[in-house]
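Trainee:
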Amino acid sequence: MEAKTHEITRLLHQWHSGDRDAESRLFELLMPDLHRIAAGYFRRERPGHTLQPTALVNEGFLRLAAAKHVDWQDRGHFFVIAARIMRRCLIDHARSRPPGDFLSIEGLPASVLATHSNLEVAIAVDTLLEELAVESRRRCSVMEMKFFLGMNDEEAADALGLSLHTFQREWYRARKWLFERLSVGQWKTAPTKTSV
Amino acid sequence: MENGADQDQRVMSLLSAALKRPASERGIFLQRECQGDFELLQEVTEAIDWEERMGNFLREPLVACPEMDRPFHPGEVVAGRFEIIREVGEGGMGVVYEAFDRKRSQRICVKTAKLGFRRALSPELEGALKVRHPNICVVNEIHTAQTPGGEVDFLTMEFLEGETLSTHLALHGRLSPEDALAIARQLCAAVTEAHRSGIIHRDLKSGNVMLCRASEGNLRAVITDFGLAGETSDFADGLGTPRYMAPELWRGETATKRSDVYALGVVLYELSTGLGPGTHPAPPTAYVTELDSRWDRAVMPCLNPSPADRPDAAEVLSNLERKPRSKVPLVATGAVLALAAIGAAIPGFRGAVMVRLYPPNVRLAILPLDGTSGADVTGVGALQEASDRIRRLQGAGSTFVVIAPTDALSQGIHNPAQARDILHATHAFQTAVRHEGQRWLVHGVVLDLDTNIQVGDFSGSYTDATLASLPVALAGAVSAALRLRTPSGAEALNAAAAGPYFDGLYYLRRDRRSFERAIPPLQEAARLDARSALPPAALAEAQIQKYSADPDRKWLDDARRSLAAAQSLNPDSVRVLLVAGLLERTSGRYEKALEYYRRVQEREPRNTDALRRIAGIYDAMDMPDKAIALFKQVIALEPAYYAPYSELGVLYYRRGKYLDAAEQFRNTIARASRDVQDYTNLGAALSDLGRDAEAEKALEASLNIQKTAGAYNSLGAVRAYQKRDAEAVELYRSALALNGRDKFYLLNLGDSSRRLGHARDAEAAYRSGREIALNELKQNPGNGYIRAFVAYFSARLGDPARAEEEIGQALQSSPGDGKVIRRAVLTFEALGLTDRALDVLANATPDLLQELARQPDMADLQRNPRFIQLTGNAGTHNGGR
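Chains as they are written, first to last, in this note's numbering: chain A, 1 to 196; chain B, 197 to 1077.
(1) Put Asp19/A into one of helix, strand or coil per three-state DSSP.
(2) Alpha carbon to alpha carbon, how far is Ala961/B from Gly1004/B?
(3) Kindly list, in the order they appear in chain A, the residues whose Cβ is closer than 8 Å to that of Val207/B.
(4) To the nearest whole angstrom, what separates the beta carbons of Val405/B and Thr360/B, a pair I think is in contact under 8 Å?
(5) Using C-beta distances below 7 Å, list every residue in its chain close to Glu923/B, excluding the 5 sequence neighbours before and after it, in chain order.
(6) So the candidates are Thr622/B, His620/B, Gly633/B; which of them puts its Cα closest to the Cα of Asp572/B?
(7) If you follow the alpha helix (DSSP H) that Gly946/B is part of, which residue opens it and which one closes it?
(8) State the beta-bridge partners of Glu294/B as determined by DSSP.
(9) Reducing DSSP to helix, strand and coil, say where Ile396/B ends up.
(10) Would you list the one or two residues that DSSP bridges to Gly640/B?
(11) Taking C-beta to C-beta, are Ala776/B and Tyr786/B nearer than 8 Å?
(12) Residues of chain B with CB closer than 7 Å to the CB of Ala122/A, please, in chain order.
(13) Leaving aside the five residues before and after Ser948/B along the sequence, list all residues of the same chain whose C-beta is less than 6 Å from its C-beta, in chain order.
(14) Kindly list the residues whose CB is nearer than 8 Å to the CB of Leu565/B, restricted to its own chain and excluding five residues on each side of it in sequence; keep chain order.
(15) Who are the Cβ neighbours of Arg806/B in its own chain at under 6 Å, not counting the five residues just before and after it?
(16) How long is the line joining the alpha carbons of Ala541/B and Ala459/B, rounded to whole angstroms?
(17) I'd like to know whether the C-beta of Ala692/B is nearer than 8 Å to at least one C-beta of chain A.
(18) Say whether the region 381-401 of chain B touches the region 452-471 of chain B, bearing in mind that this needs 3 or more beta-carbon pairs closer than 8 Å, one atom from each stretch.
(19) Is the beta carbon of Ser657/B closer than 8 Å to that of Leu689/B?
(20) Would you mind sorting Gln302/B into buried or exposed? The rule is 16 or more other CB atoms within 10 Å of its CB.
(21) Since I believe Tyr837/B is in contact with Val597/B (beta carbons under 8 Å), could you give me their beta-carbon distance rounded to a whole number of angstroms?
(22) For Gly608/B, which residues from the same chain have a beta carbon less than 6 Å from its beta carbon, with the 5 sequence-adjacent residues on both sides left out?
(23) Suppose the cutoff is 7 Å on Cβ atoms and the five residues either side in sequence are ignored; what does the same chain contact list for Asp153/A look like?
(24) Is the beta carbon of Gly886/B sitting closer than 8 Å to the one on Arg1050/B?
(25) Taking Ala451/B as the reference, give the member of Thr481/B, Ala482/B, Ile395/B, Asp488/B with the closest Cα.
(26) Please determine, among Pro1061/B, Pro747/B, Tyr988/B, Thr241/B, the residue with the shortest C-alpha to C-alpha distance to Ile1034/B.
(27) For Leu90/A, decide whether its Cβ has a neighbour in chain B, counting only Cβ atoms nearer than 8 Å.
(28) Identify every run of the alpha helix (DSSP H) within the region 736-792 of chain B, keeping only runs that are complete inside it and at least 4 residues long; order them along the chain.
(29) Measure from the C-beta of Lys828/B to each C-beta in chain E and report whether the shortest distance is under 8 Å.
(30) Taking beta-carbon pairs under 8 Å, can you tell me which members of the region 126-146 of chain A lie near chain B?
(31) Is there a Cβ of chain B sitting closer than 8 Å to that of Arg175/A, yes or no?
(32) Exposed or buried, which one is Ser522/B when buried takes at least 16 other CB atoms within 10 Å?
(33) Of all the alpha helix (DSSP H) runs that stay within the bounds of the region 864-916 of chain B, which reach a length of 4 or more residues?
(34) Does Trp751/B come within less than 8 Å of chain A when only Cβ atoms are used?
(35) Are the region 197-216 of chain B and the region 241-260 of chain B in contact at 8 Å, needing three or more beta carbon pairs?
(36) To the nearest whole angstrom, what separates the beta carbons of Val121/A and Phe147/A, a pair I think is in contact under 8 Å?
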């Protein structure tokens, strides 16, 4: 555990300074834990208060990183990467699950919602995000943190090192970008399954 | 496209402000706000358009999982012995419960990790549990429970009643130098003891210090979570708290005694100054001039960046103990100035200042519970006890008024909307108690009635064994929600006595007539808890009520015995003092009563209950000016509370100042618009002022709310003054049907019947009235008002000698009482002694003279030139008595 923690800290730093290899290493290291957390969502199906995945990921971070050795700032980086992993976990998991597990996505024109299941919309968002990432990596992260990890604006802005309003504007732009593409209804769901 | 963070801020704040407005107003709003910046206007307008189209698109996260299960739930019995009562706290990964240990019959605290984050506790923890010190929270044992989610380890520890030091500082600011010193000593002693045993806290902070009240009312500080941090991050927040972390910990070094001392220094800094030390700490005396230099000597070395240069906890303590040499004022002033300059220069320096958040004046209505069938009596009683406790909480720098559930009930208030509209309450505390088998499920919310926002909530599951702690917990919930201060002094009750005590309290406070039903359960409670002063004090109150209804000395003796029992248990308890005052007052020993009430005032200077009672005694002692001044003081303290206005109004009324009385009754009604009594009082005052139309309106309003004897009687008097005696007789009879033993109604009935020529009816009424008055007089021979009734009845029943004698005595014992003067005038007129009546009238108020000028039996007097002269002068007569 100790060795792993140090490794995560080091990788978070490297990744933050732009090292793309560090990202895939981090994926490998964090995926099993975060995947287990993601799987946990689907097992708990009791109605009642809802808790966003972010709370679990926060705790996941605490468990992975012994406090005294990790710069508190790394938590922000951790969230960014965790959101990306969570996106992968949820989409993968969802493909093997009945579509009812996803919450419906509001706002799209009725014609779109009537012809696509919640799962299909979610997968379409996932696919479109690849395209968005090319245009703006940051907006992609914003969407991952809000839509897949369910973070609140303040936390997410903090993790990305943005002011709250800058963050909110980025989020607005990302939503608008996706809305424009999704409301046309001509998109297709990508059937590829990511392996973990 | 990127215009920087400023542009983002402008766009997004305008967007969110515009979206909050109705669509029709947005255009004007934006044009005004954008001030000709068309690009901005266009950008925001377009964004609004998009937001409207997108709605909640992608706003909700893709998945939301149900809340992680709590390991335990209220009502559950864990490990066969710990009954979970309610959740009292939640950390990142842990949950804290109030529980009841059935084996040891005591309230305890259960601390555990949330499901999914539990881990077996490490064996090293055992060592930490062995430290025993009065200022360290005692961890009893580690237990393991089986739950549907698997095995759960949990800790049981002492239940601490109070608030954390960090909460206290945030709400009330720094401690007084005396309290600060007392707490600092205790904290140093605790840390010294733990370090001596080789235990390091690792996460010492003001959030881990509980401030409790010891039974003598002294503050007791208790450090919690000793040794739990680090070892078991499941139980404490495993990460150190940055503000308290010594510099070496930031570098990744492990925690030591010296890093604990650093944290101790931060805590001492905070409690003495109310501020965090920040990165370049100034000595505490630079901020708080009342502190002496020992604080600088004790605290500053703890904050030394180099661990080796920090003292140990014992040295900190001895530095605190050493009295300082006298200060050189000039140097101190210079230091303050210099530091102020530094403070201004460091950005964010003031960020450390803790904000005091006081709600503005609070007028809290404690709503009655619905339903009062058998099983719920206990629940209502517990709420009443909670309400008594809440009444004594103190608003910090703002006024705090509590409307008890019985008051709310008597005015027909059942829900928050009524509390807001009728009582003008700002907050309501609404509780529901469900009795399920052996359990009471209690749920409560504190609502801000302006915004309808819930500012606090409470839920718990209680049994007979745990019910005693419910009122304390309810009061705590209100105190936390409204940020109030808990008064000193513990008033505890054991589990067995709780049920009967609450039953008794319910009947005691329900109205003034249920004392018979209050007495047996209170006796039972006193027997079951021979150490608590609460049951005998309440019992004494019930016995005093009984005496007031049936003035037989033996009830008063019983009350005296119960009170003595309460005094032997807790002579300084505010409740015992209040009952003692009441007893002395009831026995006519006003000076003694004043003594007790003054002691309450010393203990709780804002306790308006005591002030009002003192005012009442001044009134009874015929010192109206002092009484009026005190009532005005109470009103200044609680301007929104209706009761003091009503009491002041009654005082004015009794003194014959009807105009002042009417004003106070109107004030009362403005603050509690459904109080029957005040409409009735207003009606009586207005009718005495001759404003019949207004009086009728007030009395009819009163009868519309509730048919009361008082309102019927007053309406009868209005009719009688209009010479409509036949109608008056009917109204008096209605009053007597509701309360047949009121001498005043009988007197009025007698007068109206007499004027109608129904001599036999009149005589019967006068006779019954005299019998009642004589009986009352026997119990209270010094009361001139009652004696004046005896005199009048005697005059009407053809016993002039007795009448003259009694009225003389009455005037002697109550020379300033307007009602006695009035009755004397009527008595002398009934005896045909107009000159004597006029002599007495020299002391009358103008209001009284005006009223007598209209009184239907005063024909002789009204024609008398001396009387005409008196009433003519009344305009310039300045309210003498």
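Ideal placement from N, C-alpha and C gives every residue a C-beta, glycine not left out. Keep in mind that this is a model prediction, so the values were computed, not measured.
Mentor: In short, the structure shows the following:
(1) coil
(2) 24 Å
(3) His165, Arg169
(4) 6 Å
(5) Arg915
(6) Gly633/B
(7) 939-951
(8) Arg282/B, Cys305/B
(9) coil
(10) Thr627/B, Phe654/B
(11) no
(12) Leu258
(13) Ala916, Asp921, Ala924, Val925
(14) Asp572, Gly575, Val576, Leu579, Pro601, Thr627, Ala628, Val629
(15) Reading off the sequence shown, one finds Ala at residue 806/B, where the question assumed Arg. Tyr793, Val796, Gln797, listed in sequence order.
(16) Bear in mind that a pLDDT of 32 at Ala541/B, under 50, signals an unreliable position, so the number given afterwards is only what the model happens to contain. Approximately 26 Å, taken between the alpha carbons.
(17) no
(18) yes
(19) no
(20) exposed
(21) 4 Å
(22) Arg870
(23) Leu164, Phe167, Gln168
(24) yes
(25) Ile395/B
(26) In the sequence on display, residue 1034/B carries Leu and not Ile. Out of Pro1061/B, Pro747/B, Tyr988/B, Thr241/B, Pro1061/B has the C-alpha closest to the C-alpha of Leu1034/B.
(27) yes
(28) 749-765, 770-782
(29) The question asks about chain E, but that chain is absent: this structure's protein chains are A and B.
(30) Met143, Lys146
(31) yes
(32) In this prediction, Ser522/B scores a pLDDT of 47, lower than 50, which makes its location untrustworthy; the coordinate-derived value is nonetheless stated afterwards. Exposed is the call here.
(33) 872-884, 888-901
(34) no
(35) yes
(36) Incorrect: roughly 11 Å between the Cβ atoms, too far for contact.
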